[in-house]
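Colleague: Questions regarding the structure given below will be posed in turn.
2 protein chains.
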Amino acid sequence: MTPRPYQSKDRQKSSDAGREKIIAAARELLESDGDESFSIDAVARRAGIARMTIYNQFESKAGLLEALFDELAQRAQLTQLSEIFREPDPFRALDLMIEVFARFWTGNRRAHRRLRAAAMVDTELYAAIDQRNERRRRGLTEIVARIPPEHVMPMARDETVRVLFMVLSFQSFDTIAGEGRTPADVVPVVQQLTRLIVGAR
Amino acid sequence: MTPRPYQSKDRQKSSDAGREKIIAAARELLESDGDESFSIDAVARRAGIARMTIYNQFESKAGLLEALFDELAQRAQLTQLSEIFREPDPFRALDLMIEVFARFWTGNRRAHRRLRAAAMVDTELYAAIDQRNERRRRGLTEIVARIPPEHVMPMARDETVRVLFMVLSFQSFDTIAGEGRTPADVVPVVQQLTRLIVGAR
DNA sequence: TATTTAGTTAGACTGTATGTACAATGGACT
DNA sequence: AGTCCATTGTACATACAGTCTAACTAAATA
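In structure tokens form, the structure reads like this:
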């Protein structure tokens, strides 16, 4: 009758493996251009597990997509950002930031599109992703603050941050990339655009 | 037994009135921040008509939203655009274009957001709205082509068009506007940004 | 080894939504 | 009077999210 709680490493490991299998299936499904719609059922089928397991692991569809977003971020090494935000040279920091986000946004473009679409409908997911985007804004604020006062800028600083935030959004990269252009094509354009916004060095 | 086809003016008029009533209800519903979800049923209830009538008039949800998009465009007097595209001075044309789009995008912001969200899910609607956006791109192409060859531009012309297309998108205005800023606040920022992109006169 | 524990699974069920089919109604036209 | 046609109510098929539950399974512990 006495409860006998325990945690297991093997148990945790197989559970984690299951989680990753599900997220991978979700990513593949979002990335594929098949006409199959993105439903919990479809993810479960592709991962070869029961639908209930997904609810077990992720609570809801929003929870799954939130986890997927974070996995995409890890894949694109978005963790480098905190390092970049500490880069003393603000102009160099912006160039690096553009490279990282180009990798992120254009690496899994279809997935990001459908993720955004889902986020616009689901308020819970929207809040989760919005929070992550705000990190980008805070980083930009830091970087812009690091631009020396004697440097002549075409816009006020807070306006500059707002505009840069927009330029570094998924939408921006997606639109500028158009169809069939690689990150290598887009990065120099966005870097050039950014230089115009903060004022050439 | 013999078919006796006819058209009626009164009939047409009351039918058109019904159409407008439905579109108005759809617009109000999209614009309101209530938690009521945007369903055909909700639109019908608000318009005070039967759900079937909507399918009768608009074929599908996508059809209704497409019609709504066009109504929003008319309300914001987007028809002025064809005139602006013929403006000989390209710099002035850009400034005017920004004013028109600021009115369009920020006038019914919530509606545009949810319209975009719906379009990202529904391919039919996406194609319809994409087509309308392409008119914007063609207009920009014309305007940029009108910039005199001796004018020094920071980017190649085709790249300039792509970037301007992005800057004049809903997403751009929505992001730059942030929360609670009016078109009057946003227009000068976007105009300034555009001047940086095409090169100051 | 026997028992406990916790994640997995299949299936039934609810609720919401789109879209279709169809027959009845009633107003507008000839 | 007779015809046309948009509107309407109702029933129906389908898809999806999410909940509940009871059975199953494999690992952990005594």
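If you read the protein sequences in the order shown, they are chains A and B.
Heads up: take any position in the first sequence, counting from 1, add 825, and you land on the numbering used here.
Heads up: take any position in the second sequence, counting from 1, add 825, and you land on the numbering used here.
Ideal Cβ positions, reconstructed from N, Cα and C, are used throughout, including at glycine.
Would residue 986(A) pass as an interface residue toward chain B - the criterion being a Cβ-Cβ separation below 8 Å?
Modeller: Residue 986(A) does not count as touching chain B.
Colleague: Let me know the secondary structure DSSP gives residue 889(A) once reduced to three states.
Modeller: Correct three-state label for residue 889(A): helix.
Colleague: So which residues of chain A does residue 1014(B) contact, with C-beta pairs closer than 8 Å?
Modeller: By Cβ distance, chain A contributes 980, 984, 987, 988.
Colleague: Can you pull out the residues from the region 904-917 of chain B whose beta carbon lies closer than 7 Å to at least one beta carbon of chain A?
Modeller: Against chain A - using a Cβ distance shorter than 7 Å - the region 904-917 of chain B contributes no residues.
Colleague: What residues from the region 834-858 of chain A come within 9 Å of chain B, judged by C-beta to C-beta, listed N to C?
Modeller: Per Cβ criterion, the list is empty.
Colleague: Compare the C-beta of residue 922(B) with all C-beta atoms of chain A and state if any pair is closer than 8 Å.
Modeller: Output row for residue 922(B): interface = no.
Colleague: With DSSP as the reference, label residue 933(B) as helix, strand or coil.
Modeller: It is coil, neither helix nor strand.
Colleague: If we ignore side chains and look at the alpha-carbon of each, how far apart do residue 959(B) and residue 994(B) end up?
Modeller: So the alpha carbons of these two residues sit roughly 11 Å apart.
Colleague: Roughly how many angstroms separate the alpha carbons of residue 797(A) and residue 975(B), rounded to a whole number?
Modeller: There is no way to answer for residue 797(A), as the model of chain A reaches only from 826 to 1026.
Colleague: Tell me which residues of the region 1000-1011 of chain B have at least one Cβ-Cβ distance to chain A shorter than 7 Å, keeping chain order.
Modeller: The region 1000-1011 of chain B vs chain A, Cβ under 7 Å: 1000, 1001, 1003.
Colleague: Since I believe residue 1024(B) is in contact with residue 979(B) (beta carbons under 8 Å), could you give me their beta-carbon distance rounded to a whole number of angstroms?
Modeller: That pair is a contact at about 6 Å.
Colleague: Between which two residues does the alpha helix (DSSP H) harbouring residue 902(A) extend?
Modeller: Here residue 902(A) belongs to no alpha helix (DSSP H), and DSSP marks it neither H nor E.
Colleague: If you follow the alpha helix (DSSP H) that residue 1023(B) is part of, which residue opens it and which one closes it?
Modeller: Its alpha helix (DSSP H) spans residues 1008-1023.
Colleague: Would residue 936(B) count as contacting chain A if we go by Cβ distances under 8 Å?
Modeller: Chain A contact via Cβ: absent.
Colleague: Give me the Cβ distance between residue 890(A) and residue 940(A), rounded to the nearest whole Å; I'm assuming they're in contact under 8 Å.
Modeller: Residue 890(A) to residue 940(A), Cβ: 6 Å. Contact.
Colleague: Of all the residues that make up the region 938-954 of chain B, which are near chain A by a beta-carbon distance shorter than 8 Å?
Modeller: Residues passing the 8 Å Cβ filter: 938, 939, 941, 942, 945, 946.
Colleague: Out of 1006(A), 872(A), 886(A), point me to the one whose CA is closest to residue 930(A)'s CA.
Modeller: Of the listed residues, the one whose Cα sits closest to residue 930(A) is 1006(A).
Colleague: Within the chosen definition, does the region 844-855 of chain B reach the region 881-897 of chain B through at least 3 CB pairs nearer than 8 Å?
Modeller: Short answer: they touch.
Colleague: Using a Cβ-Cβ cut-off of 7 Å (strictly less than) and excluding sequence neighbours within five positions of residue 914(B), which residues of its own chain qualify?
Modeller: Nothing meets the Cβ criterion.
Colleague: So, does the CB of residue 957(A) fall closer than 8 Å to a CB anywhere in chain B?
Modeller: Output row for residue 957(A): interface = no.
Colleague: Is residue 945(B) buried or exposed, if buried means 16 or more other CB atoms sit within 10 Å of its CB?
Modeller: Buried is the call here.
Colleague: With residue 854(B) and residue 871(B) assumed to form a contact (beta carbons below 8 Å), what rounded beta-carbon distance in angstroms separates them?
Modeller: 6 Å between Cβ atoms; contact.
Colleague: Quick check: what's the CA-CA separation for residue 856(B) versus residue 964(A)?
Modeller: Spanning the two alpha carbons is a distance of roughly 33 Å.
Colleague: Can you pull the chain B residues whose beta carbon is under 8 Å from the beta carbon of residue 1021(A), in chain order?
Modeller: Near residue 1021(A) (Cβ distances below 8 Å), the residues of chain B are 979, 1021, 1022.
Colleague: Mind pulling the alpha helix (DSSP H) runs of 4 or more residues that sit fully within the region 914-963 of chain A?
Modeller: For the region 914-963 of chain A, whole alpha helix (DSSP H) runs of length 4 or above, ordered along the chain, are 915-932, 934-946.
Colleague: Since residue 1018(B) contacts residue 992(B) with CB under 8 Å, what's their CB separation in whole angstroms?
Modeller: Yes, residue 1018(B) and residue 992(B) are in contact; Cβ-Cβ is about 6 Å, under 8 Å.
Colleague: For chain A, is any of its Cβ atoms less than 8 Å away from the one on residue 994(B)?
Modeller: By this cut-off, residue 994(B) is an interface position.
Colleague: According to the Cβ coordinates, are residue 998(B) and residue 926(B) closer than 8 Å?
Modeller: In this structure, residue 926(B) lies closer than 8 Å to residue 998(B) by Cβ.
Colleague: Around the Cβ of residue 948(A), are there at least 16 other Cβ atoms within 10 angstroms (buried) or fewer (exposed)?
Modeller: With fewer than 16 other Cβ atoms within 10 Å, it is exposed.
Colleague: Which residues bound the alpha helix (DSSP H) around residue 866(B)?
Modeller: Per DSSP, residue 866(B) belongs to the alpha helix (DSSP H) from 865-872.
Colleague: Name the residue from 884(B), 934(B), 874(B), 888(B) whose alpha carbon lies nearest to the alpha carbon of residue 901(B).
Modeller: Checking every option, the nearest Cα to that of residue 901(B) belongs to 934(B).
Colleague: Write down the C-beta distance between residue 1021(A) and residue 1022(B) rounded to the nearest angstrom, noting that I regard them as a contact closer than 8 Å.
Modeller: About 6 Å separates the two Cβ atoms, so the contact holds.
Colleague: Please check if any C-beta of chain A sits within less than 8 Å of the C-beta of residue 1018(B).
Modeller: Residue 1018(B) counts as touching chain A.
Colleague: Which residues mark the beginning and the end of the alpha helix (DSSP H) in which residue 986(B) is found?
Modeller: Per DSSP, residue 986(B) belongs to the alpha helix (DSSP H) from 982-992.
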